[in-house]
């Protein structure tokens, strides 16, 4: 959508047409009405985006805001945006990477003023339209280079700085902060001059060991999952200090290793698990330690139930926290697969009842699956040499069905397959 198309889109007749056809097929709209004196291409894009937005930002999608396709794909989902807003409050905040502004719509509720910065003129116009439509009056919009705009303010002017650096270079997805735009690593000093607190949204593929060496004053490394899918990593940076952990956190007071750096002694690793249907949020946290905790609680054989922790817990390496008050054991010391003899209904992740555990022998496994008439299954693996697509090809299995096959190793480092059914609570 061009800026000219946007101006035509916000005409009353265009918006009325859009409202009447919001649930139609965008391709059919393009073919059927291409001769009309309406911005049909822009209208089709809005219909396409609306269908995506219904799931990604369900409440906002019902309020008549407008979208841009790439910006919508890159924006936070609604539940993650709400969580971020719970971390931020104060007098003023600047968003260095405005985009579609979904985060800002929620964050602005906790500040007297929010400064939205964005270089793309179309996205600026879209956001100005949306906040006016939503009746939001405490957001100031500036089109331009956000780092230059930030430099024009006095030191410690803002309570917070927020940024979601662009992680795309054409069709290529970027991970490292130094490769994104703006470059947070190169500009961290100026950011810390202008605000005591910074929150960075980063790729879910970002690794803690990498970023802790790059950023000083890193206080929290937060992995956020929504419905067991790792959505984003948040980096909380502050040269002021860190508040105490929230009362609903699950905390392990392990000793920090003697050889860890002083800056690491104050670093908290956190997993945030959001259920988009119930709105429930669970949090697990642990002081950072450069050495991985030894996993001594390993089952001699897998027991009756099999557990796969939520993606955020695995990514943040907090699986050990789940053993504190639950009779769980690891399948082996190297993977985040757990087992127990009793059903643990409050487990944060997926729960399965084990049907059979077998040594991995391709022909024997094929014969067993055939005996149960299993021609399709869900396949996952950890600490196993073959990729899922190779396993599926070898076993001639289709994807899906009620059975789940987990390929891994046992306590003796032998390859096994765990055949299971998902437990519905």
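Numbering (our numbering), first residue to last: 418 to 842. Where is the CB? At the ideal position from N, CA and C, for every residue including glycine. All values derive from a computational prediction rather than experimental measurement.
Separation of residue 444 and residue 465 (C-alpha to C-alpha, rounded to the nearest whole angstrom) is 9 Å. Residue 705 and residue 531 have their C-alpha atoms spaced approximately 32 Å apart. In the DSSP assignment, residue 472 falls within the unbroken alpha helix (DSSP H) covering 457-473. By a beta-carbon distance limit of 8 Å, residue 463 contacts residue 483. Their separation comes to about 6 Å.
Separation of residue 618 and residue 651 (C-alpha to C-alpha, rounded to the nearest whole angstrom) is 5 Å.
Its Cα nearest to that of residue 519, the residue 556 stands out among 831, 556, 509, 577. In this structure, residue 757 lies away from residue 686, with their beta-carbon atoms at least 8 Å apart. Sequence-distant Cβ neighbours of residue 581 in its own chain, meaning closer than 6 Å and more than five residues away, are 514, 618. Residue 795 has 821 as its beta-bridge partners, per DSSP. Per DSSP, the beta-bridge partners of residue 726 are 766. By the C-beta criterion, the region 706-721 is judged to be in contact with the region 741-758, since at least 3 inter-stretch pairs fall below 8 Å. The beta carbons of residue 492 and residue 575 sit no closer together than 8 Å. Residues of the same chain with a CB within less than 6 Å of the CB of residue 609, apart from the 5 flanking positions on each side, are 656 in chain order. By the neighbour-count definition (other C-beta atoms within 10 Å, threshold 16), residue 696 is an exposed residue.
Between the alpha carbons of residue 688 and residue 451 lies a distance of about 49 Å. Under the DSSP definition of a beta bridge, residue 686 partners with 638, 703. Where residue 840 is concerned, there is no enclosing alpha helix (DSSP H), because DSSP gives it neither an H nor an E.
In the three-state reduction of the DSSP assignment, residue 508 falls in the strand class, which pools E and B. Within its own chain, the residues whose Cβ lies closer than 6 Å to the Cβ of residue 773, once the five positions on either side in sequence are excluded, are 836, listed in chain order.
With a contact defined as Cβ atoms closer than 8 Å, residue 533 and residue 559 qualify at about 7 Å. In the DSSP assignment, residue 439 falls outside any alpha helix (DSSP H), carrying neither H nor E. Shown here for residue 820: same chain residues with a beta carbon closer than 6 Å to its own, the five before and five after excluded, namely 791, 794 in chain order.
The region 795-802 makes contact with the region 810-828: 3 or more CB pairs, one atom from each, lie closer than 8 Å. Setting aside the 5 residues that flank it on each side, residue 446 is surrounded in the same chain by 438, 457, 460, 461, 464, each with a C-beta closer than 8 Å to its C-beta; the list follows chain order. Between residue 768 and residue 840 the beta-carbon gap is near 4 Å, inside 8 Å, which marks them as a contact. At a Cβ-Cβ threshold of 8 Å, residue 599 and residue 564 count as neighbours.
When rounded, the separation of the alpha-carbon atoms in residue 796 and residue 811 is 12 Å. Setting aside the 5 residues that flank it on each side, residue 690 is surrounded in the same chain by 642, 699, 727, 729, 765, each with a C-beta closer than 6 Å to its C-beta; the list follows chain order. Within the DSSP secondary-structure output, residue 776 pairs in a beta bridge with 833. In the structure shown, residue 786 falls within a helical segment according to DSSP collapsed to helix, strand and coil. In this model, residue 806 and residue 455 are separated by some 47 Å (Cα to Cα). By the Cβ neighbour-count rule, residue 628 is buried, with 16 or more other Cβ atoms within 10 Å of its own. Bridge partners of residue 558 according to DSSP: 533. Counting only runs of at least 4 residues, the region 708-757 fully encloses the following alpha helix (DSSP H) elements, listed from N- to C-terminal order: 728-732. Restricting attention to 467, 485, 498, the CA atom closest to the CA of residue 478 is found in 467.
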